[in-house]
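For reference, the structure discussed in these notes is given below.
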Amino acid sequence: MSEPALAPITINGVTIDFDAGLLRDATGVEVPLRAQSFAVLRELARSAGRVVSKDALMVAVWQGVAVTDDSLVQCIGDIRRALHDEAQAVLRTVPRRGYRLDLPSPPAQARSRRVAIFAFPLLALAALLAVVATFAFRTPEAPVDRSPSIAVLPFDDMSAGGGYAYLGEGVAEDIIAMLARSADVRVVARYSSFVYGGTPVDIRKIGVDLGVGYVLEGSVRRDGDKLRIVAQLNDARTGEHVWAERFDEAGADPMKLMDAVSGKIVGALTGERGELRSELFRTAWARNATALDEYDYYLRGVDLMHSQFSAESNAEVARIVQEGLAAVPESALLKILLAWTHWRSAYNFWSDDPQADFAMAGGLAREVLATPDPTLRVQLKTQWLLGYVNMREGNFAKALAAARKALALAPY
Numbered sequence: 000m001s002e003p004a005l006a007p008i009t010i011n012g013v014t015i016d017f018d019a020g021l022l023r024d025a026t027g028v029e030v031p032l033r034a035q036s037f038a039v040l041r042e043l044a045r046s047a048g049r050v051v052s053k054d055a056l057m058v059a060v061w062q063g064v065a066v067t068d069d070s071l072v073q074c075i076g077d078i079r080r081a082l083h084d085e086a087q088a089v090l091r092t093v094p095r096r097g098y099r100l101d102l103p104s105p106p107a108q109a110r111s112r113r114v115a116i117f118a119f120p121l122l123a124l125a126a127l128l129a130v131v132a133t134f135a136f137r138t139p140e141a142p143v144d145r146s147p148s149i150a151v152l153p154f155d156d157m158s159a160g161g162g163y164a165y166l167g168e169g170v171a172e173d174i175i176a177m178l179a180r181s182a183d184v185r186v187v188a189r190y191s192s193f194v195y196g197g198t199p200v201d202i203r204k205i206g207v208d209l210g211v212g213y214v215l216e217g218s219v220r221r222d223g224d225k226l227r228i229v230a231q232l233n234d235a236r237t238g239e240h241v242w243a244e245r246f247d248e249a250g251a252d253p254m255k256l257m258d259a260v261s262g263k264i265v266g267a268l269t270g271e272r273g274e275l276r277s278e279l280f281r282t283a284w285a286r287n288a289t290a291l292d293e294y295d296y297y298l299r300g301v302d303l304m305h306s307q308f309s310a311e312s313n314a315e316v317a318r319i320v321q322e323g324l325a326a327v328p329e330s331a332l333l334k335i336l337l338a339w340t341h342w343r344s345a346y347n348f349w350s351d352d353p354q355a356d357f358a359m360a361g362g363l364a365r366e367v368l369a370t371p372d373p374t375l376r377v378q379l380k381t382q383w384l385l386g387y388v389n390m391r392e393g394n395f396a397k398a399l400a401a402a403r404k405a406l407a408l409a410p411y
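Take the sequence shown: its letters are residues 0 to 411, numbered as in numbering that gives the first Met the number 0.
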C-alpha cells in the first residue's frame with residue numbers, strides 16, 4: 000500500500016512541496032536540498048510531532064545500504080539550513096532517541112463576528128501584557144552555531160602518466176572523515192562534494208549549492224616513492240584563496256603516505272590555532288559589542304588566551320567571559336572557558352589565592368560536566384581541564400580517563 004500524500008507545508012517562509020519534491024522560499028525561488036536530505040525531511044514530516052529514531056530514518060531512507068551516522072547528521076544539518084532553523088526550534092534533536100519535526104500550528108478560524116468583537120479588547124490587553132513581559136523578562140535567544148562549514152573536493156591527479164586518481168579521492172575521503180570528528184567544523188558528506196570533482200566549477204557556485212562557507216581542493220603527485228600533495232582552502236562567498244600549503248612525504252606504501260598527509264592537512268585547518276579557527280577569531284573581533292552573542296564572547300576569549308600569555312591577558316579573558324555570562328548565564332561554553340582562566344591563574348602563579356582558583360576551576364568543570372548533552376566543543380574543553388584537575392587532586396586514574404576522553408574527542 001502506498002503512503003498517503005503529504006500536503007505542502009511552510010516553515011520559516013520556506014514552502015515544502017512533497018509531490019514536486021522541492022522547496023521554495025517566499026519569493027518562489029527554489030531552495031536547494033539534496034535527495035537524501037529531502038527523503039529524511041519527508042519521513043520526519045510523516046511523523047510530525049513524534050520522535051523518529053535514527054535507526055528508523057536510516058532504514059527508510061537508505062533501505063539497507065550501509066552508511067554511517069554521519070550521513071544522517073549531514074542530512075539533518077542540510078534540512079536545518081534550508082529551513083532557516085539554526086536555533087533548532089523546528090527540527091529538534093531528542094537526545095538518545097532521535098529527531099522530531101515540530102510543525103507550526105495552523106491559524107485558528109474565527110468563530111463568529113460576535114465573538115471576535117468581544118474578544119478584541121481582551122486580545123489587545125493580552126498583546127500589551129506580552130509586550131511588557133517581553134521587555135521585563137527578556138531571556139537571551141539560543142546562540143546560532145557559526146562554526147565554519149566546508150566541502151572537500153576530490154584532489155586532482157597531477158602525476159606523470161596519471162593512474163593515481165584513487166589517491167586524490169582517498170585523501171579527500173580521509174580529510175572528510177577526520178573533519179567530521181572535529182568540534183569546530185561542519186563538513187559536507189563525500190557524495191555531495193564529489194560530484195564537483197574533475198570539472199572546473201566556480202567556487203562560489205559550490206558554496207551556494209552545498210550551503211558551505213569554504214571549499215577545500217588540491218592535487219596529488221606521485222613520483223616513485225615520493226608523494227606531494229597540495230591543499231588549498233577557498234572562501235566560498237568570495238572565491239578568494241584563504242590558505243594553501245604543500246606537503247611532501249616519502250615511503251614505499253602510498254596509503255601510509257596519504258594518511259600522514261591527510262592528518263597534517265586537518266591539523267593545519269582545525270585545532271586551537273588552525274586556519275578555520277583564525278577566520279572565526281577575526282569575525283568575532285570585527286563584530287560590534289552590542290551584537291555579540293555567546294559564541295562571539297567565547298571566540299574573543301579563546302583568541303586572547305592563545306595569542307597572549309600574561310596575568311593581565313588572562314584577567315581580560317575572564318572579564319570578556321563574565322560579560323558574556325551576564326548575557327547568557329547558563330552558557331556551558333562560557334563557564335568552561337572561565338574555569339580555564341581560574342586554572343591558568345593558579346597554575347602560573349598569577350593568583351593571590353591559588354587554592355581558591357584551583358577549587359573554582361574544578362567546581363566549574365564538574366558543573367559543566369553535569370550539563371545535559373553538552374556540545375562536542377564543551378565536552379572537549381571540560382575533559383581536557385578535568386585531566387589536570389584530577390591529576391592535581393591525586394586521582395590519577397580519573398585524570399588518565401579524562402585525558403583519553405579528550406583525545407578521543409579531538410584525535411587530530
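Where is the CB? At the ideal position from N, CA and C, for every residue including glycine.
Burial state of residue i, where buried means 16 or more other Cβ atoms lie within 10 Å
| i | result |
| --- | --- |
| glutamate 293 | buried |
| proline 147 | buried |
| serine 52 | exposed |
| histidine 240 | exposed |
| valine 260 | buried |
| asparagine 347 | exposed |
| alanine 310 | exposed |
| tryptophan 412 | Only positions 0 to 411 of the chain appear in the structure, and residue 412 is not among them; the question remains open. |
| valine 131 | In this predicted model, valine 131 has a pLDDT of only 48, less than 50, meaning its place in the structure is not dependable enough to derive any value. |
| serine 306 | exposed |
| tryptophan 342 | buried |
| alanine 326 | exposed |
Among the options, the one whose alpha carbon lies nearest that of residue i
| i | options | result |
| --- | --- | --- |
| glycine 76 | Ser218, Trp342, Gly210 and Ser330 | Gly210 |
| glycine 167 | Asp222, Arg365 and Phe154 | Phe154 |
| leucine 100 | Arg41, Pro353 and Ile202 | Arg41 |
| tyrosine 296 | Arg236, Leu333 and Met304 | Leu333 |
| alanine 407 | Leu336, Trp342, Asp173 and Leu379 | Leu379 |
| threonine 14 | Leu71, Gln73 and His83 | His83 |
Assigned secondary structure, residue i (DSSP; H/G/I helix, E/B strand, else coil)
| i | result |
| --- | --- |
| glycine 97 | strand |
| serine 158 | coil |
| alanine 396 | helix |
| glutamine 354 | helix |
| leucine 215 | strand |
| serine 192 | helix |
| arginine 236 | coil |
| leucine 102 | coil |
| phenylalanine 246 | strand |
| valine 187 | coil |
| serine 52 | coil |
| glutamine 307 | coil |
| glutamine 87 | coil |
| aspartate 173 | helix |
| aspartate 222 | strand |
| alanine 118 | Only weak support is given to the placement of alanine 118: the predicted model assigns it a pLDDT of 49, under 50, and the value that follows is read from those uncertain coordinates. Alanine 118 falls in the helix class under three-state DSSP. |
| glutamine 231 | strand |
| serine 46 | coil |
| leucine 408 | helix |
| threonine 198 | coil |
| glutamate 322 | helix |
Same chain, Cβ closer than 7 Å to residue i, five either side skipped, listed in chain order
| i | result |
| --- | --- |
| tryptophan 383 | Ala405 |
| alanine 331 | Val367, Thr370, Pro373 and Val377 |
| alanine 401 | Gln382, Leu385, Gly386 and Asn389 |
| alanine 398 | Gly386, Asn389 and Met390 |
| glycine 20 | Phe37 |
Any C-beta of chain C under 9 Å from that of residue i
| i | result |
| --- | --- |
| alanine 243 | In summary, chain C is missing from the structure at hand, where a single protein chain is found. |
Spatial neighbours of residue i in its chain, beta-carbon cut-off 6 Å, leaving aside the 5 residues before and after
| i | result |
| --- | --- |
| aspartate 18 | none |
| glutamate 216 | Leu152 and Gln231 |
| glycine 158 | A quick correction: the sequence has serine, not glycine, at residue 158. Contacts found: Arg220 and Arg221. |
Chain-order list of residues whose beta-carbon lies under 8 Å from that of residue i (same chain, five-residue window excluded)
| i | result |
| --- | --- |
| leucine 178 | Ile149, Val151, Val184, Val186, Val265, Leu268 and Thr269 |
| phenylalanine 193 | Leu152, Pro153, Glu168 and Ala171 |
| glycine 238 | Asp201, Ile202 and Arg203 |
Exercise for the section: Would you be able to state if there are at least three C-beta pairs under 8 Å between the stretch 183-195 and the stretch 229-249? Expected result: no
Practice task
Mind the definition here: the stretch 356-372 touches the stretch 312-325 only if three or more C-beta pairs lie below 8 Å; say whether that holds.
Solution key: no
Problem - Meets three-Cβ-pair contact criterion under 8 Å: the stretch 219-230 and the stretch 197-208 - result: no
Practice task
Please confirm if the stretch 44-60 is in contact with the stretch 18-26, defined as three or more CB-CB distances below 8 Å between the two stretches.
Solution key: no
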